[in-house]
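First the structure, in the form of structure tokens, and then the observations on it.
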Amino acid sequence: MLAEAGESRLGAEAGRSRLLAEAGESRLGAEAGGSRLLAEAGEYMLGAEAGRSRLLAEADEFRLSEEAGETRLGAEAGETSLLAEAGETRLGAEAGGSRLLA
1 MLAEAGESRL GAEAGRSRLL AEAGESRLGA EAGGSRLLAE AGEYMLGAEA
51 GRSRLLAEAD EFRLSEEAGE TRLGAEAGET SLLAEAGETR LGAEAGGSRL
101 LA
């Protein structure tokens, strides 16, 4: 009877050890799954930040090209204004010359 009781106790301990091992494996599996999810979330977050940075860079490029366009238009307007003034001066000189001839 003592031998049977000892065997039963050993069987119970072995069963408990097996259950503990299985529980440990489940916990490790859950932790590994959690780590994988965290890694994927981190990759997603980095991807989102990279996308946002790209959009900001594109917005900056657009703004800079827009400013460059405005500067170019301003320069062209300035050139047109100077040409108009030069034309007026030339016309004024020609009119003055005509008046002198008259």
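So the sequence shown is residues 1 to 102, counted in the UniProt record's numbering.
Glycine residues also receive a C-beta, built at the ideal position from the N, C-alpha and C atoms.
Everything numeric in this text was worked out from a predicted model, so none of it was measured.
Handout entry: Through-space distance from E79 to G47, alpha-carbon basis
Key = Indexing the sequence shown from 1 puts residue 47 at position 47. Indexing the sequence shown from 1 puts residue 79 at position 79. Straight-line Cα distance between these residues: approximately 47 Å.
Problem - A30 versus A39 - alpha carbon distance - result: Numbered from its first residue, the sequence shown carries residue 30 at position 30. Numbered from its first residue, the sequence shown carries residue 39 at position 39. Rounded to whole angstroms, A30 to A39 spans 14 Å at the Cα level.
Practice task
Have a look at S17 and S35 and give me their C-alpha separation to the nearest angstrom.
Solution key: Position 17 of the sequence shown, counted from the first residue, corresponds to residue 17. Position 35 of the sequence shown, counted from the first residue, corresponds to residue 35. The alpha-carbon atoms of S17 and S35 are separated by roughly 26 Å.
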